[in-house]
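If you're matching them up, the sequences are chains A and B in order. Heads up: the first sequence runs through residues 15 to 135, numbered per the numbering used here. Heads up: the second sequence runs through residues 123 to 1288, numbered per the numbering used here. What follows is a set of notes on a single structure, which appears directly below.
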Amino acid sequence: MRTALLVAAAGLLAPSFAHAHGASKGLHLHLVPDRAAPGAIIEIDADAALPVAKLKVGFVGEDPAVIAPKTPAKRVVARRAIPKTAKPGTTINVMAEAETTQGKLFRASGIVTIIAAETKP
Amino acid sequence: MRAGGAVAALLLAAGPAFAYTPGSGTLLTENFESVPLSTDWEMQNGIPPNLDPWTQVTDGGDLSFYADGLGPFPSSPTKHWARHWLQPVPVTSFSAAFEYRGQLGTGYAFDLEISQRAPTLLKYRLRVTGAGAVSLWRTEAGTLTQIATTGSNVVPANKTRWIRFEVDPDSATGHPRLRARVWSGGATSETSTWNLDVLDANDTLARVHRLELIADGPKGVQTWLDDLDAWGNMSVGVDSSIRTVYLMEESHLDVGFTDPPDTVEAFYKSSLDEVLSNLDADPEYRWFIESAWDLDRWWERSTDAEQQNMLAHLAEGRIHLGAGYANLHTTTAGHEEMTRNVYWSSRFAQDHGIPVRTYVQDDVPGATFAIPEILARSGIEYYVGGMNTPFGGRLLSPNHGDRPFWWVGPDGSKVLTWITFDSYAEGLDYGFSFFDDLAALHTKLGKKLPENEEAGYDWPDFLMMRAFDNSYQGFHQRDLVNQWNATYLNPHFVLATPEEFFDHMLATHGGAAFPSFSGDFGAAWSASHANAQNTERMVRDAHRTGRAGQALAAAGSVVDGAPPERTTVDAMYRYELQVDEHSGAGGWDTYFTPEEMDRNNTIHLSYAQSAYDLSHQLLDAGMTRALSDLSIEGNAVVAVNPLGRGRDGLVRVALPPDLYSSTFKVVDRGTATEVPYQSISATSEILFEASSVPAMGYRVYDLVPGSPAAVPSGMLTVTPTTLENDLYRLVVDAATGALTSVYDKARGKELIDGTTGYKFNELASSTKSQMDGGQAPVASHPASASTVVDWSGPIEASIKVTRTGTPHVETTYRLARNTDRVEIENVLDRNAMPYVPYATGSQAWTVTLPFDVHNFEIRSETTTRFLDPLHDGFVRDNVFDWHNVEHTLSFHDAVNGIDYAVDAVDAHSFQHFNTLAPPSWSHANALVLSRLEDRVDEYEFADNSIGPFTIEPGAPTTLRSTHEIRSTGPSFDPAASSKFGFEALEPIQARLLTHRPGNLPPASASFFTVDAPNVLLYTAKNADDGDGLILRLTELAGTATTAGIDSDTFTLSAPERVRQNETPGTPVPLGMSGNTVLVPLAAYETATVRVRAARSWAPLVLYADKDAVSGTVKLHWTGGVSPYTVSRALDPGFTSGVSTPYDEQPAASFDDPTLVDGNDAFYLVH
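Take a look at the structure:
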């Protein structure tokens, strides 16, 4: 019966049209904007397959922000400042871990392109 | 009965402030204070609605928890359990005590169990029964068996009691001594006596891995626990037989998926820049470049100085380059493409003097059987598979404990292999996740590492992959490793490249210490290409056309002596590899904005379009060069066979209107016999059958003025509903356009199974929910159909079906005279398929082909050879139930057999499509389903809006596929099936040439041919280093063979076997017999042969002079090929006054006395 449960979960998370790959199953990040200057605030939209009890989100080399929604939700939005040490013309990963109300741990990583401060995204 | 006696007093403070001293222990779990149970207890073992059978409550200022009835297990509906995963600690330091209250009663039990998971699974149990007795249990032959018990009512119902349970090695025997004591709840000190004390003389316990609580009783009967404390020595870290963990860090390449490809390219520039900085900063730092694509893109964006810095680090060895260009769907890669996947790295390594030793295939949970051979024969030593098994089938054999193992290919080649069971991202589950700290690493490692021991892994060294999709995290892993090594004794972490792990294992244990496994685990995921059908069609065409073009270009470079083509070839394969990379168009929900989705999909479509365009450019240019020294008189059609076997086949070529409208015969120049042909007025084409066109060669057919008189042999008849040649008789259902009969006349067998409920070549579809449920496709009947005779011979005849009310708008059934092949060309109109809303997910379309073949054997031809999926595959817990074939899918039972090939589709299923992988292959009934189109119309965008998207922006919506069928009878002949598929999908090329000189054999010739029918010559190319040509050939039938390579046109010399990727290695000289290169091949072996080829003729140079006295024109010439023929005409186009005064004579001179002064004459010598 546990096998059946796992299979059903895989089906839930694997749209047949998509390429069933990636380590980031169950959590997707959307970054707005995904081109930003050092110090700029970006919105990290974390979209999980199951309601999230706690979300950790942060950039490479910094402590994550921890968000515990009052009401668990599949979608959690965080705002973070691009590290001021980020160099224009490079990219930086933003990473997130979502702990669901069922105790599952989903992970995702996204890419932000760093632009000069005077550049419009 | 009371077991044991009093033992030394152990006085402990009551309440939560317990201390424990027998071992050197520290607290493993402290009450339940302030920590939600689910963070360190595995509680989510239930099934809805009772997901958390244990309930945590506040008990004054403390926490406690209780369980009620209504358990989660269907087999034991009253049972609850809660597990706490301990850091594996030495058993000498373990003890547990807790405050307990149970309502007891008939049928009730409470258990506290501890277990050693590895190296041997052992369990010990303390039980409180419904009568209040306490008992001790041990594992005997895998079953928990009671070995001691108290009397009843030691623990009264509804009374709080303290209970201690210890399992310590006996000082004298080393065997575990089990002890239990019970004392009053609320007591201020612990009693000094043991209620039970018993020796387990059977076993030896090394460490404790797990604490498990189980309450089993009817609903309403509650069990309360409070102040549970367990002790153990945590300073050891994770007590394990695994002593050293080699941590391999990389970024997993997805060309797309997380971001559109152009963003991913920029990411690899940035991240590899930082990796180089890290290497400079820390001599212990390591990095592995998983895919050469990463470095290719980085290289394009880097300065000379940056490139030199990269090369210095690669040479030094703390950063290594993977051998593969990208993570492919390996069973869909073309025959040559799979080998080309290791070319970029190999060349880079050779050009810059750096090592490339390991091939990494991540994410896709498996790879084709061909890989061990490709790697072994390319000098690549190791294979690492970071397999995403949750979506693809977990290997059961080889298993954890079999690693590393020698992966042995069908030919016996082998490569030392490591595979993961938790994907390339497994390191994150072991405690190296994005935000893990030392405590998290300790907890996770303690839980995960024993899994390997449990599964039989018993080496002291272990390779751990840590990667994520297009992701880089600086020094995070290094910092954690340093903290761990400074804090704990075991295991010791080493930042490493995979080569460091493998080298260590080989040096320490020797290669013979590792087991060998031979098998395939490909065919995973690649049906996902069916959602981008134009892409699929183009890349499959590019596989075939590109290989043909490459071979002709290679031959052409010898013919014309000009430099070989390399830029186009390289670019074409690079595009092919990017298409067959596993990411592709589309994407997971919420990843992309509409703009990003469109950009992602446009880029992926452009990869396929570029591969297609370049392959056709290569073919066109290759034909031009290969035929550039072929002499032609008048007009001739040259049939060109780019395949490595001689063949018959139809030639179709367009003629200029004036030539088409003239009266001419087609004459085989070699036999001087007229060949019947068919005119196609709509396109000014002619169609005729070319016979015995040499392997990788040509045959010339002259178009000679005069009335055609040739009559074809054999029969070919057609009506609007029947089509018949000597071999097959087809009957079409006029109402639907499906076939009601495909009759094998020679064998007297009907090939269609009329009992399935499906018509033959009828459209059907499956929605995602139907696929999830394992349902067979739902047939889609047309509103109307009409059938007409499309062509009626003499060479080919066809029936065209047009339909309304269905996406299956058109079908053409074709038979050719004397041809053992039924051809079905289907046209689907994507616009006529129902829109697929988000809630539906997807709808997969196929035509149903129910063959009368049952409980059959399968052979699927993938990269270079046929697989037997039922027997060749590694043992897995499930399989992706489709078969990827480059050319031929063959299946047979004891009565019938079929060879089947489709040009535009690579994934085929039997009986039904599946979303979820079934445990085994379907092979009961040969209802063939080819993945013609998976329609998907809606996507959940990044803002969570659901809307339409286009998977292939701007691509045609008319989808065309041609299905080729041959009846084989009840057997499998690999050479015949291979020949069928190649010839069915790779037509004879044709070129109309007009008058010109030349020295190639005038009638027919093979540039390269192989004399063994069981050996497939599938690649001819210019050597990468410019030294000669490379030929690749594979033995198909499992029979050791010495194959002879010969050429009608070139003088072959200095042959040698070289590495498959053409890197230097140690070439092995090959023998020759005359102009034949002798290549010994083991069963299923692929040989890569370098051969030097030179034109077997000197260029013909003609000299003309006139005898001043007689007026005789004196011609002589050098070079060319004897015998010689001289033609003369009055115009340079040789259209008037043409004569042949010197016909096939040996002498290289000719005197022509007949000219009239003042007139121009033109001579052609060949």
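We put the beta carbon where it would ideally sit given N, CA and C, even for glycine. It should be emphasised that the depicted structure is a prediction, and the values quoted were computed from it without experimental measurement.
Item	Value
Whether Y447 of chain B touches S393 of chain B by CB criterion (9 Å)	no
Minimum Cβ-Cβ distance from K98 of chain A to chain B less than 9 Å	no
Limits of the alpha helix (DSSP H) - the one that Y390 of chain B falls within	P383 to A403
Three-state secondary structure assigned by DSSP to R286 of chain B	strand
Cut-off 7 Å between Cβ atoms - residues of its own chain near G1193 of chain B, not counting five sequence neighbours on either side	L1200
Segment limits, alpha helix (DSSP H) that includes W710 of chain B	Element bounds for W710 of chain B: n/a, residue is neither H nor E.
Cβ-Cβ distance between E1086 of chain B and T970 of chain B below 9 Å	no
CB contact below 9 Å: T125 of chain A versus chain B	Here residue 125 of chain A is Ile; the residue named in the question, Thr, does not match the sequence. By this cut-off, I125 of chain A is an interface position.
Own chain residues within Cβ distance below 7 Å of N280 of chain B, not counting five before or after	R223 and Q225
Inter-residue spacing [alpha-carbon to alpha-carbon] between T795 of chain B and V864 of chain B	34 Å
Sequence-distant residues of the same chain with beta carbon closer than 6 Å to D233 of chain B, five excluded per side	R247, R249 and I336
Contact the segment 753-761 of chain B vs the segment 673-691 of chain B: 3+ CB pairs below 8 Å	no
9 Å Cβ cutoff, R89 of chain A in contact with chain B	yes
Stretch-stretch touch, CB-based, cutoff 8 Å, three pairs: the segment 1159-1172 of chain B with the segment 1129-1143 of chain B	yes
DSSP state of L1289 of chain B mapped onto helix, strand, coil	Absent from the model: residue 1289 of chain B. The displayed extent of chain B is 123 to 1288, so no value can be given.
Contact set for P102 of chain A: own chain, Cβ-Cβ below 6 Å, skip 5 residues either direction	I128, I129 and A130
Contact between the segment 477-490 of chain B and the segment 612-627 of chain B (3+ Cβ pairs under 8 Å)	yes
Exposure of M432 of chain B, with buried meaning 16 or more beta-carbon neighbours within 10 Å	buried
R1217 of chain B versus M694 of chain B - alpha carbon distance	28 Å
Simplified DSSP state of H631 of chain B, which is helix, strand or coil	helix
Member of B:T941, B:H930 and B:S1067 whose CA lies at the smallest distance from the CA of L1081 of chain B	B:H930
Chain B within 9 Å of G53 of chain A, Cβ atoms only	no
Residue-chain proximity (A5 of chain A, chain B), Cβ-Cβ < 9 Å	Here chain A covers residues 15 to 135 and nothing more, so residue 5 of chain A does not appear.
Alpha carbon of Y390 of chain B to alpha carbon of Q700 of chain B, nearest angstrom	16 Å
Exposure label - P194 of chain B; buried when at least 16 CB within 10 Å	Here the model assigns P194 of chain B a pLDDT of 47, short of 50, so the residue's position is not dependable and the matter cannot be decided.
Stretch pair the segment 565-581 of chain B + the segment 535-542 of chain B: three plus CB contacts closer than 8 Å	no
Residue from B:T1171, B:F1172, B:D1170 and B:T1188 with nearest C-alpha to E1178 of chain B	B:T1188
Inter-residue Cα distance where the pair is F1284 of chain B and A664 of chain B	43 Å
For Y1264 of chain B, the first and last residue of its enclosing beta strand (DSSP E)	S1261 to Q1267
For E1207 of chain B, the three-state DSSP class (helix, strand or coil)	coil
T724 of chain B versus P1040 of chain B - alpha carbon distance	34 Å
6 Å CB neighbourhood of P830 of chain B in its chain, flanking five on each side removed	K787
Any C-beta of chain B under 9 Å from that of I56 of chain A	no
Within chain A, the residues that H374 of chain B reaches when beta carbons sit closer than 8 Å	A37
Residues of the segment 589-607 of chain B with Cβ closer than 9 Å to any Cβ of chain A, in chain order	A589, F590, D591, N592, S593, Y594, Q595, G596, F597 and H598
Of the residues B:E1062, B:R462, B:V1190 and B:D912, the one placed nearest K1143 of chain B, counting alpha carbons only	B:R462
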